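Q: For reference, the structure I am asking about is given below.
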Amino acid sequence: MIKYISSTINHLILSIGLIVMVIPIWIIFASSTHSSLFINTNGLQFFLGDNFIDNYSRVLFKQSGFFNEITALKMFLNSFVMATGIATLSVITSLMAAYGLVYFKVKYATFIFWLIFITLLVPLELRIMPSYIVMSKLNLVNTFAGLILPISASAIATFFFRQFYKSIPDELLEAAKLDGTNSWRFFIDFLMPLSKTMIAAVFIFMFVFGYNQYLWPLIMTTSEQYWTVVMGLKTMYGSISDRFAFVIMSMIPPVIIIIFLQKLFIQGIFQNK
Amino acid sequence: MVYQRINSNRKINMSFLELQNITKIYPNGTKAVNETSLNIDNGEFVVFVGPSGCGKSTLLRMIAGLEDITNGEISLDGNVINNIDPSERDVAMVFQNYALYPHMSVFNNMAYGLKNRGISKEEINNKVNDVAKLLEIDQLLTRKPSMLSGGQRQRVAMGRAIVRNPKIFLFDEPLSNLDAKLRNQMRLEIKRLQRQMGVTSIFVTHDQTEAMTLGDRIVVINNGIVEQVGTPKEIYSKPNTKFVAEFIGSPQMNLFNCKIENGIAHIADMRINLNNSANIDDASLGIRPDDILISDNGQHTCVANLVEYLGSDMIIYSKIGDQEFSCKLSSKINLNAGDTFKFDISNTLVHLFDNTNGSRV
Chain D
7 MIKYISSTIN HLILSIGLIV MVIPIWIIFA SSTHSSLFIN TNGLQFFLGD
57 NFIDNYSRVL FKQSGFFNEI TALKMFLNSF VMATGIATLS VITSLMAAYG
107 LVYFKVKYAT FIFWLIFITL LVPLELRIMP SYIVMSKLNL VNTFAGLILP
157 ISASAIATFF FRQFYKSIPD ELLEAAKLDG TNSWRFFIDF LMPLSKTMIA
207 AVFIFMFVFG YNQYLWPLIM TTSEQYWTVV MGLKTMYGSI SDRFAFVIMS
257 MIPPVIIIIF LQKLFIQGIF QNK
Chain F
-8 MVYQRINSNR KINMSFLELQ NITKIYPNGT KAVNETSLNI DNGEFVVFVG
42 PSGCGKSTLL RMIAGLEDIT NGEISLDGNV INNIDPSERD VAMVFQNYAL
92 YPHMSVFNNM AYGLKNRGIS KEEINNKVND VAKLLEIDQL LTRKPSMLSG
142 GQRQRVAMGR AIVRNPKIFL FDEPLSNLDA KLRNQMRLEI KRLQRQMGVT
192 SIFVTHDQTE AMTLGDRIVV INNGIVEQVG TPKEIYSKPN TKFVAEFIGS
242 PQMNLFNCKI ENGIAHIADM RINLNNSANI DDASLGIRPD DILISDNGQH
292 TCVANLVEYL GSDMIIYSKI GDQEFSCKLS SKINLNAGDT FKFDISNTLV
342 HLFDNTNGSR V
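Sequence lines, in order, name chains D and F.
Residue 7 is where the first sequence starts when you use our numbering, and the numbers rise one by one after that.
Residue -8 is where the second sequence starts when you use our numbering, and the numbers rise one by one after that.
The following block contains the structure:
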């Protein structure tokens, strides 16, 4: 009986949380399927309208920006490339940095690690001018490389991978050595598959981090061709339902990534071994 | 048998594995192994036994190539292997925690070493299947290690070693994680497999029963020094040092501190005629608990303080002066705690050690 009551209460709390989080999104989505005129006269809507296809296709393909040089579709593509690039490079660099720090007898490895870790105190916003100068001297303004490279090394991901590698028993490496593996093969055959779930978790974190970048792409791009979704959100001057449609669409890419990697992601976060 | 190593091109009069004055000093200054020399013949099953921290595992790991050698020379099959990479030494090791690859199936665990040697897929398949049958794990080939029981993991770890058909098997306390029943079973199996394949094997353990039952020869190690090398029988019946005497045998050998004058040992007020003319001020007289002869017309009398009943045997704890000792006898004899009993100590069964250096007299 008590068990039943407590389970009911738990579900009640969870349901309230769910409703609180989902309802605003639902209202925006429902409103985005009405015409602007209808919303302006009748306020936010809770039920679906019949302008879904009209609104969304208009937003996707409309030329926008100050010089009307970019469509929303291109912004999604830009954001996707940038976020994927940042996530992929972060995973690769932090995997390898952690490998080097843990498995090679580097002198002062702990010191080097803390040096990397301390860069958490210097986020991009703090070093934005020097980073911009470096990138512009490398002629990388208005390129994807310029958008991606300065944020493609993650101290926190290096930290996660390092802690994980440290928990792998030495005997595994020794057995592999006797089985004739070399350091490259050990990385590919052992560490990569063993840290699969962690890679997924770090990838998602870094993807969302890259997707949410605002200040850096704003400074790095002068051509509207490189605008990202978050920048677009700021400059959406269209009608109210167009803006709602854009907001809803801007949430889709991270959600897709999470849906695909969800299983691995959850294992990765709760992995204590 | 496919997995029989043929020792055709071996030089005669030369040991298969030779350790010469091996010393290991860790960077922090600890001397783990000190000037150890040892020769092991082809096909021999040698057991390194000693208390934990005595350097036996270090010695094994140096043979495997997992530890650097500070000083000395190891040669295998006529070649010095000091600076040869572990993967090229042609040795296989079974680890204490098995060290199975957690993300690979049993098949891949066994096949990994072969793949790295560039052996063809078909041959790998055949070899792995043969060994899996030999070890009765052929039903488990598709499983991951996490889905196996302790005994099955142990078999896979051995399979991984066997499938490579190495020159030497190295076992690093592989049975210590198993429960007692399984341990006995695996012990027999290891012995049987080793006999069957005839591959030189070195087995490290701290358990003297394992050492006695498994080894063709036993190497007793203490504090990085080899105390004695010999067959189980030699080690048991003629321990070279006091340490070996205490370490091998269960229950432990009784050691009485005594003074020896003109061949007569004085233990408290007990006298034992040793039938020689030795004179040692500080000696230890050792006698195994089952070598103490209890009889109604024995020379010495003692009180049984405690009787431990073990089924077929029982162990009696008693005292001579203030020195405790135990004797093991058949439980058919009717003796209870508090009873007095008479016994003899035959001078042919005693072991005499000089306490100044612990060596046998």
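Positions of the beta carbon are idealized from the N, C-alpha and C atoms, including for glycine.
Note that the structure is a prediction, hence the values are computed from the model and not measured.
1. If you follow the alpha helix (DSSP H) that D:F110 is part of, which residue opens it and which one closes it?
2. In this structure, does DSSP put F:Q314 in helix, strand or coil?
3. In chain F, which residues lie less than 9 Å from D:A161 when you measure between Cβ atoms?
4. F:R155 to D:L101, Cα distance in whole Å?
5. Whose CA, out of D:F123, D:T90, D:L50, lies closest to the CA of D:Q169?
6. So, helix, strand or coil for D:Y217, using DSSP?
7. Curious, which full-length alpha helix (DSSP H) runs of at least 4 residues does the segment 55 to 133 of chain D contain?
8. Look at the Cβ atom of D:I154, then the Cβ atom of D:G91, and state whether they are nearer than 7 Å.
9. Looking at the unbroken alpha helix (DSSP H) that takes in D:T47, where does it start and where does it end?
10. Does the beta carbon of F:N19 sit closer than 7 Å to a beta carbon anywhere in chain D?
11. Could you give the DSSP three-state label for D:D176: helix, strand or coil?
12. Do you know how far the Cα of D:F58 is from the Cα of D:S70?
13. Go ahead and pull the three-state DSSP assignment for D:Y232.
14. Starting from the C-beta of F:E58, find all residues in its chain whose C-beta is less than 7 Å away, skip the five residues before and the five after it, and write them out in chain order.
15. D:L239 to D:I34, Cα distance in whole Å?
16. Can you have a look at D:A93 and say buried or exposed, based on whether 16 or more other CB atoms are within 10 angstroms of its CB?
17. Identify the contact partners of D:F248 in chain F, using a Cβ-Cβ distance below 9 Å as the criterion.
18. Is there a C-beta anywhere in chain D that falls below 7 Å from the one on F:M84?
19. Could you list which residues in chain D have their beta carbon closer than 9 Å to that of F:L169, in chain order?
20. Report yes or no: do the segment 93 to 113 of chain F and the segment 186 to 194 of chain F share at least 3 C-beta pairs separated by less than 8 Å?
21. With DSSP as the reference, please indicate the residues paired to F:E64 in a beta bridge.
22. Measuring CB atoms only, is the segment 307 to 322 of chain F touching the segment 232 to 241 of chain F, in the sense that at least three cross pairs come out at less than 8 Å?
23. For F:G221, report the span of its beta strand (DSSP E) as first-last.
24. Put F:E114 into one of helix, strand or coil per three-state DSSP.
25. Looking only at its chain, what residues have a beta carbon closer than 8 Å to the beta carbon of F:I72, apart from the 5 residues adjacent to it on each side?
A: Here's the rundown:
1. Run containing D:F110: none; DSSP gives neither H nor E here.
2. Three-state result, F:Q314: strand.
3. Below the 9 Å Cβ cutoff, chain F contributes no neighbours of D:A161, its closest Cβ being approximately 27 Å away.
4. F:R155 and D:L101: Cα-Cα distance of roughly 31 Å.
5. Measuring from the Cα of D:Q169, the nearest candidate turns out to be D:F123.
6. Reduced to three states, the DSSP call for D:Y217 is helix.
7. With a minimum length of 4 residues, the unbroken runs of alpha helix (DSSP H) contained wholly in the segment 55 to 133 of chain D fall at 58 to 67, 78 to 109, 115 to 124.
8. If you check the CB distance, D:I154 and D:G91 come in under 7 Å.
9. Judged by DSSP secondary structure, D:T47 falls within the alpha helix (DSSP H) whose first and last residues are 42 to 48.
10. Not an interface residue.
11. Three-state DSSP puts D:D176 in a helix.
12. When only Cα atoms are considered, D:S70 and D:F58 end up about 20 Å apart.
13. D:Y232 falls in the helix class under three-state DSSP.
14. Same-chain partners within the cutoff: K15, T49, R52.
15. If you take the alpha carbons of D:L239 and D:I34, they lie about 14 Å apart.
16. Flag for D:A93 reads buried.
17. The amino acid at residue 248 of chain D is misidentified as Phe; the sequence shows Asp. Residues of chain F with a Cβ closer than 9 Å to the Cβ of D:D248 do not exist; the shortest Cβ-Cβ separation is about 49 Å.
18. It does: the Cβ of F:M84 has a partner Cβ on chain D nearer than 7 Å.
19. Correct list: empty, because the minimum Cβ distance to chain D is about 17 Å.
20. Put simply, the segment 93 to 113 of chain F does not touch the segment 186 to 194 of chain F. Fewer than three CB pairs are less than 8 Å apart.
21. Within the DSSP secondary-structure output, F:E64 pairs in a beta bridge with F:Q11.
22. No, because fewer than three Cβ pairs between the segment 307 to 322 of chain F and the segment 232 to 241 of chain F fall closer than 8 Å, the two stretches do not touch.
23. Residues 216 to 221.
24. Here F:E114 sits in helix by DSSP.
25. Within its own chain, the residues whose Cβ lies closer than 8 Å to the Cβ of F:I72, once the five positions on either side in sequence are excluded, are G56, I65, S66, R80, listed in chain order.
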